[in-house]
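K.L.:
Under the working numbering, think of the first position of the sequence shown as 108, with each following residue one higher.
Input: one structure, supplied below.
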Amino acid sequence: MTIAATVSQFLDDHSVSYRVIPHAHSATSRETAHAANVREDRVAKAILLRDNQGLVMAVIPASGSLDLRAVHDETGRNQLEMVPEGDLGKTFPDCELGALPPLGQAYGITTLLDSSFGHCDTVYFESGDHEGLVAIDGRDFDQLYQGSHHCDISKDWP
Numbered sequence: 108m109t110i111a112a113t114v115s116q117f118l119d120d121h122s123v124s125y126r127v128i129p130h131a132h133s134a135t136s137r138e139t140a141h142a143a144n145v146r147e148d149r150v151a152k153a154i155l156l157r158d159n160q161g162l163v164m165a166v167i168p169a170s171g172s173l174d175l176r177a178v179h180d181e182t183g184r185n186q187l188e189m190v191p192e193g194d195l196g197k198t199f200p201d202c203e204l205g206a207l208p209p210l211g212q213a214y215g216i217t218t219l220l221d222s223s224f225g226h227c228d229t230v231y232f233e234s235g236d237h238e239g240l241v242a243i244d245g246r247d248f249d250q251l252y253q254g255s256h257h258c259d260i261s262k263d264w265p
């Protein structure tokens, strides 16, 4: 259980207190929530998108799925597609493949935050590996996204 150096530095630079919760190895954000015994709607899941203009990170609850139409409406970018997992190591060299921390701004990526996180007391997210979950106060989480777009970009699982 570790925390990616970029994530740790970003949280420290913003004076955000956090704790890392160890959990059994998990492959998805929903599995992570269950392994750490936290609610899925409190786990921030990162989805990396790309088009010819560059990268965009969408951050949604693990309990939902990405509404790509809403992302297109919010950004005006209609060619955004998910970045294949095998390509993530180039952008997140200090993270295990598939364990994306939802802090695109720490990696210089335009970030969209689903508005559902505005009411959370505590928010949890991947630490950069598949066995650690970062927990931070919801107000601190919101503060980290002050320069990001807050919008409705998730929908319930079908």
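Ideal Cβ placement from N, Cα and C applies to all residues, glycine included.
(1) Which residues in the same chain have their Cβ closer than 8 Å to the Cβ of Ser234, if we skip the five residues on either side of it in sequence?
(2) Just to confirm the assignment, what range does the alpha helix (DSSP H) spanning Thr113 have?
(3) Using the three-state DSSP reduction, which class does Ser136 fall into: helix, strand or coil?
(4) Please classify Ser222: does DSSP put it in a helix, a strand, or coil?
(5) Can we say the segment 196-206 touches the segment 248-255, given the rule of at least three CB pairs closer than 8 Å?
(6) If distances are taken between C-alpha atoms only, which option among Ile154, Ile243, Leu220 comes closest to Asp119?
(7) Flag this pair as yes or no: are the beta carbons of His237 and His141 separated by less than 9 Å?
(8) Find out if the Cβ-Cβ distance for the pair Ile95, Val145 is shorter than 9 Å.
P.N.:
The structure says:
(1) Met108, Thr109, Ile110, Ala111, Val114, Val127, Ala206, Pro208, Leu240, Val241
(2) 112-120
(3) helix
(4) helix
(5) no
(6) Ile243
(7) no
(8) In this structure the chain extends from 108 to 265, so residue 95 is not present and cannot be described.
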